[in-house]
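Peer 1: Have a look at this one before I ask anything.
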Amino acid sequence: MREKIVLDLGKLPLHGMGTASVTWWGTLAFMLIEGTGFALVIAVYLYLMSLATAWPINTPPPDLLPGTLVTLILLTSLIPNILLSRWAEQQDLRKVRIGMVMMSMIGTLPLIVRIFEFPALKVSWDSNAYGSVVWTLLGLHTTHIITDLVDTLVLAALVFTRHGRSPRRFGDVQDNAMYWNFVVATWLPIYGCIYWLARL
Amino acid sequence: MKPSAAAPEQRDIDVERAQLTDALAETWKTPSGLWGALATVDHKIIGRRYIFTAFVFLALGGVLAALMRIQLAQPEARLLGPDRYNQIFTMHGANMMFLFAVPVMEAVAVYLAPLMVGTRNIAFPRLNAFSYWIYLAGGALLWIAFALDMGPDVGWFAYVPLSGPQYGTGKRADIWAQMITFTEISALAVAVELVVTIFKQRAPGMTLDRIPVFVWAMLVTSFLVIMAMPAIVLASTSLILDRLVGTHFYNPAEGGDVLLWQHLFWFFGHPEVYIIFLPAVGMVSTMIEPFARRPAFGYLGLVMALIATGILAFGLWVHHMFVAGLPRLGDSFFTASSMAIAIPAGIQIFCWLATLWDGRPVFKSPLLFIIGFIITFVIGGLTGVMVASVPFDTQVHDTYFVVAHFHYVLIGGAVFPLLGAVHYWFPKLTGRMMSEALGQWSFWLIFVGFNATFFPMHILGLEGMPRRIYTYQPDLPWHGLNLFVSVSAVILTAGFLLFFINVMRSARFGEIALDNPWDAPTLEWATTSPPPSYNFAMIPVVGSLHPVWDDRDGLPVADGLRTDRRELIVTTLATAEPQAREASPQNSIWPLWAAIATTIMLIWSIFSPWAVVWGSIPAAVALIGWFWPKGTPEDES
Amino acid sequence: MIRAARKACSSAMLAAPLAGCGGNWQSALDVYGTSAISLKHLIILIVAVCSLVWMLVLIALIAALWRSRDARPVSPEPGRERRMTIAVTGAVVATVLIIGTFTVMSFVATRALTVAGQDDLTIRVRGLQWWWGLEYIGPDPSSRFETANEIHIPVGRKVRLKLEGLDVIHSFWVPSLAGKQDLVPGRPNELTIRAEHAGIYRGQCAEFCGMQHAHMSLLVIAEPQDDFDKWTATQRQTAAQPADEQTAAGLQTFLAKPCAACHTIRGTAAVGTTGPDLTHVGNRRTIAAGLFETTRGSLAAWIADPQTIKPGNNMPMVPLTPDELRAVSAYLASLK
Ligand code: HEA
Ligand code: HEA
Ligand code: CUA
Ligand SMILES: [Cu+2]
Chain A
429 MREKIVLDLG KLPLHGMGTA SVTWWGTLAF MLIEGTGFAL VIAVYLYLMS LATAWPINTP
489 PPDLLPGTLV TLILLTSLIP NILLSRWAEQ QDLRKVRIGM VMMSMIGTLP LIVRIFEFPA
549 LKVSWDSNAY GSVVWTLLGL HTTHIITDLV DTLVLAALVF TRHGRSPRRF GDVQDNAMYW
609 NFVVATWLPI YGCIYWLARL
Chain B
139 MKPSAAAPEQ RDIDVERAQL TDALAETWKT PSGLWGALAT VDHKIIGRRY IFTAFVFLAL
199 GGVLAALMRI QLAQPEARLL GPDRYNQIFT MHGANMMFLF AVPVMEAVAV YLAPLMVGTR
259 NIAFPRLNAF SYWIYLAGGA LLWIAFALDM GPDVGWFAYV PLSGPQYGTG KRADIWAQMI
319 TFTEISALAV AVELVVTIFK QRAPGMTLDR IPVFVWAMLV TSFLVIMAMP AIVLASTSLI
379 LDRLVGTHFY NPAEGGDVLL WQHLFWFFGH PEVYIIFLPA VGMVSTMIEP FARRPAFGYL
439 GLVMALIATG ILAFGLWVHH MFVAGLPRLG DSFFTASSMA IAIPAGIQIF CWLATLWDGR
499 PVFKSPLLFI IGFIITFVIG GLTGVMVASV PFDTQVHDTY FVVAHFHYVL IGGAVFPLLG
559 AVHYWFPKLT GRMMSEALGQ WSFWLIFVGF NATFFPMHIL GLEGMPRRIY TYQPDLPWHG
619 LNLFVSVSAV ILTAGFLLFF INVMRSARFG EIALDNPWDA PTLEWATTSP PPSYNFAMIP
679 VVGSLHPVWD DRDGLPVADG LRTDRRELIV TTLATAEPQA REASPQNSIW PLWAAIATTI
739 MLIWSIFSPW AVVWGSIPAA VALIGWFWPK GTPEDES
Chain C
12 MIRAARKACS SAMLAAPLAG CGGNWQSALD VYGTSAISLK HLIILIVAVC SLVWMLVLIA
72 LIAALWRSRD ARPVSPEPGR ERRMTIAVTG AVVATVLIIG TFTVMSFVAT RALTVAGQDD
132 LTIRVRGLQW WWGLEYIGPD PSSRFETANE IHIPVGRKVR LKLEGLDVIH SFWVPSLAGK
192 QDLVPGRPNE LTIRAEHAGI YRGQCAEFCG MQHAHMSLLV IAEPQDDFDK WTATQRQTAA
252 QPADEQTAAG LQTFLAKPCA ACHTIRGTAA VGTTGPDLTH VGNRRTIAAG LFETTRGSLA
312 AWIADPQTIK PGNNMPMVPL TPDELRAVSA YLASLK
């Protein structure tokens, strides 16, 4: 087919940031998938709860302390995370490096407390359906913390290499920060479910 | 953002046409040889592979169908015992749904959607390569297990407790569940790629109301995949947990629930059927234009019907559970919502009829398949409306009436358009035309054979024949019709065989195709047949819904892209205004490594929960290798 | 006409149980139960309307293709587009009306699924891989009794079935009497039926339940109240005492071999519950969930090798000498 040139794209930037980047949309789509997954597990929790004569089944509700501690840590981590995202937007490599190291360390904290959270459920996954669903909720969320932490660590290493100074990398840092916000946001309903619904 | 002045960059405006295409071909090429084939991220190569593989699974599933039909031709037949038969119908259903129908539709879109929206590669091309490998591994897992007499035997929806730890002994149900995990991962990955491609990589000027209907259909389908598949991932994972580590999700003795499985499965399973069906109607809406020789009537209506079906799809799942003993009032709500699907379905049928009415039809094989589709799909849709009625369904649920319904909608509603689409897009994929004479023959054989095979099943169902029985007793009045059905299936199979022969013959000896042999209006026909590795030498600029029809004196295009790195255009969501020149990743072998690592982890986890822990390490390594920058021009910006 | 023929046929069947008979005895279109009859009306009505809709679509399709064959292409023109919009809108409105009617109709007909009136009889139906356990629950404990695979009901009376799945999900379906209902483990369901005519109605498990799902059928025998009362009176009794030497030997073998661990024969020491109650097995028309007509020969064949006859079923092959086999089958056949 013959062609006629009607538009010059030469002036466009070599990489889009934020909503102009495909990775941003990709991250969003994966968040939608996982968000649906979380919503469904919570739905399963509510469904089983509605069937049971007593809830939790044959156990007291879980201890509040470790879970609440994780919640506080996660909520506090939002502050450095949002700062980091802002530094990435400003493309300030020095601050981004500091921020990435910080987030790598902060990311391990909830995992440490999580180790105590599982016993605090006071039920094993194979005791009954209640145990199965709370372990699944907690396990699923823990997997998300772990994967995001690994992602953060790799990215932290990357920003210290020669590949660090590029808009693409700053975009990655922003997407990573967005994902951490998502991990924190999904925790809140799960926390309410595991610790407070069981007390109603 | 500062342009990277350091690199000596090469732009398309600076060079002659011949040099331009040479430079682009060099930048976008897939090296020949095995390594090149394994590392490629070209959506066309992967799409072709995907389509080919899916059709292999169709043929395999068809062979299983033939075995079932031989067994059922006579009462008390001894060809297959119950154990084999149960594996065979489960394999047939699971294979057709998860390894053929869903993947083939996504595969066609992997090939076509980037071309139709005028971009150079799909978004996240490496993920695309990965998703193909994972799909292949899932299919191989299922079929190898079947060959080892370990094929699942619990039906394609694997109801608990039959598939649970107590009654589903051995590893058969785990194979089923893990095959699901494979296909879901790959389907989800493709859905994300398609959404982002369609949202962000459309050619400049392709506003929302200029998107071809097939692309719209794939967008809606991808959202269905994204919202529905997590339910089956959750279901199959919790089933494996019940079986492997002793959780009690589905064990009523410990607070679990048997119907929870059905809710989760069908919350996915119903949208699943529209995941198969919507791409097919998208194909019809797109193909009908060149053969009716006018634009499809009611673009807005067609698109709205797709979206409405997509939304309603999530409110229907209970219609598969009408006799499970849920409250009758709730059931009636699902009757209403299921019937409501007839409205968007009707809108589409009526719009196509109007298009044909006002158009000037050209009776080539793709149009024949469209006509066959309308005739048969309406039967299937109407039987769908019948089973949507709770009282009606109490008589026909789990009988051959339902078997007839879903083959009418699956084959009539999805496979017919797909076969039409193969005839239609074959020249684009291969550069050669399919034989029209063979095409017409195979259409008639399939059309007649199909109706003769499946129509009598309605009657069998009403006469009391349940589905999933490996045999029936001679004193039941079913043998006459069953024999008729089995004989008709021979005609049907002959039709499919002829179709396969036509494809294989035409791929080698077919007439050389023009760039736009059907005089079609959408962008994939604006490039060569088959398209070059970079799809378009210059990105098209779109001014209407039918760019190829409207700009016959020359396609408007844009320049200014670099030729020394893989570059494509990111545009805004609604109005498709250019936002950035984005680099598209190079070929890479890492997706294959990642797929192998994932495969090992998933198969191992059928046997031990620790596989998830140890197996994730190589997977993580492969993923790091995948994303770590290699210092190619694509990494700069 | 068909009804009359069918009636004659069913009385013939009562006499000679499985003699081939022209009528359908497991069909949603050949109906003798209160709810199956009203379901059939609904089915016919909906199918008729849908056939009409399909015909209209087909006519429109043929007309569209016929009308425009061989003509030259024309570009869309506002006047024609407007007329087409009106036509499409009209068709959509018609669709809305039809499905609205269908919805209301099925909502109303849902009531027909439960037979109105007072319960005359309650039966516990238990689904097991791959047979049906039955427990007749009478007004007082002494009138309750167990049987299997063959349900007797009085004609014209409402019968309540309490459906329980004991292992996996099964589905109770006797199409000539009523629509189906699943037997779900952990979730008891109910179904009410009423036969309007005497006859033998075959039913079959409709939910896939494993290896022998194909051979999990049952018979519902609707008979006049007198016959039914006679039948219940017999069923309540304990098993017939062996009348001769061979049957006495049969009972001895039955008790000595593992049989008694799985089967109950009321009045003897056999109290197993894994398999069907055999107290009056000789009185049932079929054995092994509808697989064979009950005769001494079929009983012997079954006991000799249940796994070849019904592969995968839960009764193992118990090695018996030819004499023992003859004795056991004679004894079981005598349990009328
Ligand atoms: C491509 C796949 C596909 C499609 C498109 C459909 C479409 C529909 N299906 Fe079907 N269905 C399946 C695949 C599909 N189905 C499968 C695989 C199963 C079985 C699963 C299993 O058990 O193994 C199943 C089972 C199934 C059941 C459960 C039956 C049972 O198990 O007892 C029900 C119940 O409501 C149902 C309903 C419908 C309805 C209402 C539609 C509607 O979308 C149909 C709408 C279309 C029309 C109505 C025709 C066009 C409209 C007009 C011409 C307008 C005029 C119409 C009227 C006036 C009514 N389907
Ligand atoms: C898209 C999906 C799809 C397709 C295309 C088909 C195609 C066919 N199906 Fe199937 N079917 C299902 C989806 C599908 N089916 C599902 C979901 C179930 C439910 C399973 C369950 O209950 O769990 C089912 C169940 C099912 C049953 C019920 C089994 C039972 O309940 O016991 C039957 C019975 O007749 C049947 C028959 C057929 C036949 C004859 C075809 C024919 O159309 C097949 C036509 C033949 C071919 C397509 C092969 C042609 C090719 C060759 C001959 C080989 C050539 C080889 C090379 C070139 C290498 N199918
Ligand atoms: Cu019991 Cu099928
Ligand atoms: Cu459905």
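Residue numbers (my numbering), protein chains in the order written: chain A, 429 to 628; chain B, 139 to 775; chain C, 12 to 347.
Beta carbons are placed, not taken as given, at the ideal position from N, Cα and C, and that holds for glycine.
What separation, rounded to the nearest whole angstrom, lies between the Cα atoms of residue 664 of chain B and residue 248 of chain B?
Peer 2: Roughly 18 angstroms between the two C-alpha positions.
Peer 1: Please state whether DSSP places residue 721 of chain B in a helix, a strand or coil.
Peer 2: It is a strand residue.
Peer 1: So, is the C-beta of residue 35 of chain C closer than 8 angstroms to a C-beta in chain B?
Peer 2: The pLDDT assigned to residue 35 of chain C is 48, lower than 50, so where the model puts this residue is not dependable; a value taken from the coordinates is nonetheless given after this. Cβ-Cβ to chain B under 8 angstroms: yes for residue 35 of chain C.
Peer 1: Just the chain B side, please: which residues come within less than 7 angstroms of residue 142 of chain C by C-beta, in chain order?
Peer 2: Simply none; closest approach about 15 angstroms.
Peer 1: Any chance the CB of residue 548 of chain B is under 7 angstroms from a heavy atom of ligand 4?
Peer 2: Because no heavy atom of ligand 4 lies under 7 angstroms away, the Cβ of residue 548 of chain B does not count as near it: no.
Peer 1: Quick check: what's the CA-CA separation for residue 371 of chain B versus residue 338 of chain B?
Peer 2: Computed Cα separation, rounded: 28 angstroms.
Peer 1: For residue 590 of chain B, collect the residues of the same chain with a Cβ closer than 6 angstroms to its Cβ; drop the 5 residues on either side in sequence, then sort them by chain order.
Peer 2: If we look at residue 590 of chain B and ignore the five residues flanking it on each side, its Cβ neighbours are 626.
Peer 1: Specify whether the stretch 199-210 of chain C and the stretch 109-123 of chain C touch according to this definition: at least 3 beta carbon pairs, one from each stretch, less than 8 angstroms apart.
Peer 2: Taking 8 angstroms as the limit for Cβ pairs, the verdict is that the stretch 109-123 of chain C does not touch the stretch 199-210 of chain C.
Peer 1: In this structure, what does DSSP give as the bridge partners for residue 162 of chain C?
Peer 2: C:231, per the DSSP bridge assignment.
Peer 1: Check whether the stretch 391-404 of chain B touches the stretch 451-461 of chain B, taking contact to mean three or more Cβ pairs, one atom from each stretch, closer than 8 angstroms.
Peer 2: Judged by Cβ distances under 8 angstroms, the stretch 391-404 of chain B makes contact with the stretch 451-461 of chain B, as three or more pairs qualify.
Peer 1: Count the other CB atoms within 10 Å of the CB of residue 214 of chain B; is the residue buried (16 or more) or exposed (fewer)?
Peer 2: By the neighbour-count rule (16 or more Cβ atoms within 10 Å), residue 214 of chain B is not buried but exposed.
Peer 1: Would residue 233 of chain B pass as an interface residue toward chain C - the criterion being a Cβ-Cβ separation below 8 angstroms?
Peer 2: No - not a single Cβ of chain C is within 8 angstroms of the one on residue 233 of chain B.
Peer 1: In whole angstroms, what separates the C-alpha of residue 296 of chain C from that of residue 154 of chain C?
Peer 2: Near 23 angstroms, if we compare the C-alpha coordinates of residue 154 of chain C and residue 296 of chain C.
Peer 1: At the 8 angstroms Cβ level, is residue 315 of chain B part of the contact set with chain C, yes or no?
Peer 2: Answer no: the Cβ-Cβ gap between residue 315 of chain B and chain C never drops below 8 angstroms.
Peer 1: Quick check on residue 112 of chain C: does DSSP put it in helix, strand or coil?
Peer 2: Three-state DSSP puts residue 112 of chain C in a helix.
Peer 1: Helix, strand or coil for residue 679 of chain B per DSSP?
Peer 2: Residue 679 of chain B falls in the coil class under three-state DSSP.
Peer 1: Specify the secondary structure class of residue 513 of chain B as computed by DSSP and reduced to three states.
Peer 2: If DSSP states are grouped into helix, strand and coil, residue 513 of chain B belongs with the helices.
Peer 1: Rounded to the nearest angstrom, what separates residue 164 of chain B and residue 672 of chain B at their Cα positions?
Peer 2: Between residue 164 of chain B and residue 672 of chain B, the C-alpha separation is close to 10 angstroms.
Peer 1: Is there a Cβ from chain C that is less than 8 angstroms from the Cβ of residue 153 of chain B?
Peer 2: It does not; no Cβ of chain C falls within 8 angstroms.
Peer 1: So, with DSSP's three-state summary, where would you put residue 406 of chain B?
Peer 2: The answer is helix: DSSP assigns residue 406 of chain B an H, G or I state.
Peer 1: Is any beta-carbon of chain B found at less than 8 angstroms from that of residue 625 of chain A?
Peer 2: No, its Cβ sits nowhere closer than 8 angstroms to a Cβ of chain B.
Peer 1: What are the residues in the stretch 654-673 of chain B lying within 7 angstroms of chain C by C-beta distance?
Peer 2: Hits within the stretch: zero.
Peer 1: So, at 7 angstroms on beta carbons, what are the nonlocal neighbours of residue 525 of chain A in its own chain, with the 5 sequence-adjacent residues on each side left out?
Peer 2: Contacts found: 587 and 588.
Peer 1: Rounded to whole angstroms, how far is the Cβ of residue 518 of chain B from the Cβ of residue 583 of chain B, which I believe are closer than 8 angstroms?
Peer 2: The Cβ separation is near 20 angstroms, so there is no contact.
Peer 1: Flag residue 79 of chain C as yes if its beta-carbon sits less than 8 angstroms from any beta-carbon of chain B, otherwise no.
Peer 2: Yes, because at least one Cβ of chain B sits closer than 8 angstroms to the Cβ of residue 79 of chain C.
Peer 1: Can you find a C-beta in chain B that's less than 8 angstroms from the C-beta of residue 186 of chain C?
Peer 2: It does: the Cβ of residue 186 of chain C has a partner Cβ on chain B nearer than 8 angstroms.
Peer 1: Taking 7 angstroms as the cut-off, does the CB of residue 617 of chain B come closer than this to any heavy atom belonging to ligand 4?
Peer 2: It does not: the Cβ of residue 617 of chain B is nowhere closer than 7 angstroms to a heavy atom of ligand 4.
Peer 1: Which partner residues of residue 120 of chain C appear in the DSSP bridge assignment?
Peer 2: Bridge partners of residue 120 of chain C: none, in fact.
Peer 1: Please tell me whether, using a cut-off of 7 angstroms, the distance from the CB of residue 181 of chain C to the nearest non-hydrogen atom of ligand 3 is below it.
Peer 2: Because some heavy atom of ligand 3 lies under 7 angstroms away, the Cβ of residue 181 of chain C counts as near it: yes.
Peer 1: How long is the line joining the alpha carbons of residue 21 of chain C and residue 231 of chain C, rounded to whole angstroms?
Peer 2: Because residue 21 of chain C carries a pLDDT of 41, less than 50, the predicted location of this residue cannot be relied on, and the following value inherits that uncertainty. About 12 angstroms.
Peer 1: State yes or no: is the beta carbon of residue 525 of chain A nearer than 8 angstroms to at least one beta carbon in chain B?
Peer 2: No, because no Cβ of chain B sits closer than 8 angstroms to the Cβ of residue 525 of chain A.
Peer 1: Within the stretch 641-702 of chain B, note down every full beta strand (DSSP E) run reaching 3 residues or more, in order along the chain.
Peer 2: Counting only runs of 3 or more, we get 693-697.
Peer 1: Pull every residue with its beta-carbon under 6 angstroms away from any heavy atom of ligand 4, and keep them in chain order.
Peer 2: Listed along the chain, these residues meet the criterion: B:408, B:411, B:454, B:457 and B:458.
Peer 1: Does the beta carbon of residue 713 of chain B come closer than 8 angstroms to any beta carbon on chain A?
Peer 2: No, because no Cβ of chain A sits closer than 8 angstroms to the Cβ of residue 713 of chain B.
Peer 1: Given that a residue counts as buried once 16 or more other Cβ atoms are within 10 Å of its Cβ, and exposed if not, what is residue 466 of chain A?
Peer 2: Per the 10 Å Cβ criterion, buried.
Peer 1: If we count the other Cβ atoms within 10 Å of its Cβ and call it buried at 16 or more, is residue 647 of chain B buried or exposed?
Peer 2: It counts as exposed.
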